[in-house]
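In UniProt numbering, the protein residues as written are 1 to 312. First the structure, in the form of structure tokens, and then the observations on it.
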């Protein structure tokens, strides 16, 4: 779910994070059992605060787990490992809404200027703006929505789309089946106004596990339909069946969005913009400059969330 543009950390990076964390709680020279016990009892917020906003700790590049792994970013894998039989890959529609707090503090002109400033090629900048439906007269809300779409394509759509397209060009040695989806169901009950009405990062988790707010008797019919469709598909997968149609059949994908849930055509996918704007190595490099915008916004949002958590 929400396949991000990342790769596993090296063992050396994992060790560096571990050493930093145990030192930060005064257990640098303590027995390993005590260190592990302390880290396992640490909250995610506390751990992120101690690592710092600029650091992220991902899964480790463990040879016993990642056999046939080439060390590439997930979105750069040209061949799916031989042990893989099925891949389900996808994302939420507006992944990066959760990191958009800073953009709501900036004017439309400031947002457009910051966005345009990451490119050295003005013509490519205009092509990107056209693809996301914004220009010099766009409203603030339209600029924020476009930035969410663009950065979501950068950090999430890129991985899902490349895994799918590379699989279609060069199937893995184990001849795996790949299933693609987009979670479009918006959150209509969030207490955060900037999140409400969007399908943001991790919003699909309660639908998968059928939390009462989305699958209970008091939940909205749309929520229950989405939860039923999503959880049923996963049960099919875990029981050795197909969750929905394999992309190799007709390049189609699953939309998860209440009564609108169902198989959709390739041209309607989030990857359609990526396929046009990043259709060569040079253009892909330009397209991925959007990661700078997301990195800046993530740093602001994580700092704000940390301060909010401490206040609570």
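The beta-carbon is built from N, C-alpha and C at its ideal position, and this holds for glycine as well.
- Between residue 83 and residue 165, the alpha-carbon positions lie close to 19 Å from each other.
- DSSP places residue 253 outside any alpha helix (DSSP H); the residue lies instead in the beta strand (DSSP E), whose first and last residues are 253-256.
- Beta-bridge annotation (DSSP): residue 89 is paired with 180.
- If you draw a straight line from the Cα of residue 201 to the Cα of residue 185, it comes to about 12 Å.
- The C-alpha of residue 140 is placed about 23 Å away from the C-alpha of residue 288.
- Between residue 259 and residue 286, the C-beta spacing is not below 8 Å.
- For residue 172, there is no enclosing beta strand (DSSP E), since its DSSP letter is neither H nor E.
- The shortest CA-to-CA distance from residue 51 to any of 15, 81, 63 and 194 is the one to 15.
- Under the three-state reduction of DSSP, residue 9 is assigned to strand.
- Within the same chain, and ignoring the five residues on either side of residue 134 in sequence, the residues whose Cβ sits closer than 8 Å to its Cβ are 112, 142, 143 and 146.
- In this structure, residue 97 sits away from residue 301, with a CB-CB distance that is not shorter than 8 Å.
- About 7 Å separates the beta carbon of residue 197 from that of residue 188, a gap short enough to meet the 8 Å contact definition.
- Of the residues 182, 231 and 208, the one whose Cα lies closest to the Cα of residue 268 is 182.
- The DSSP-derived three-state label of residue 299 is helix.
- Note: residue 26 is not bridge-paired with any residue in the DSSP secondary-structure output.
- Rounded to whole angstroms, the separation of the alpha carbons of residue 153 and residue 272 is 10 Å.
- Residue pairing from DSSP leaves residue 117 without any beta-bridge partner.
- When DSSP states are grouped into helix, strand and coil, residue 293 belongs to the helix group.
- Contact check for residue 128 and residue 235: beta-carbon distance about 40 Å, past the 8 Å limit, so the pair fails to qualify.
- In this structure, DSSP gives residue 215 a helical state, which the three-state scheme calls helix.
- At the C-beta level, residue 304 and residue 100 stay beyond 8 Å of one another.
- Contact check for residue 8 and residue 61: beta-carbon distance about 4 Å, within the 8 Å limit, so the pair qualifies.
- As computed with DSSP, residue 264 is found in a beta bridge with 253.
- Along the segment 183-241, the alpha helix (DSSP H) occurs as fully enclosed runs of 4 or more residues at 205-208, 212-215 and 221-238, listed in sequence order.
- In this structure, DSSP gives residue 60 an extended state, which the three-state scheme calls strand.
- The C-beta separation of residue 151 from residue 293 comes to about 6 Å, placing the pair in contact by the 8 Å criterion.
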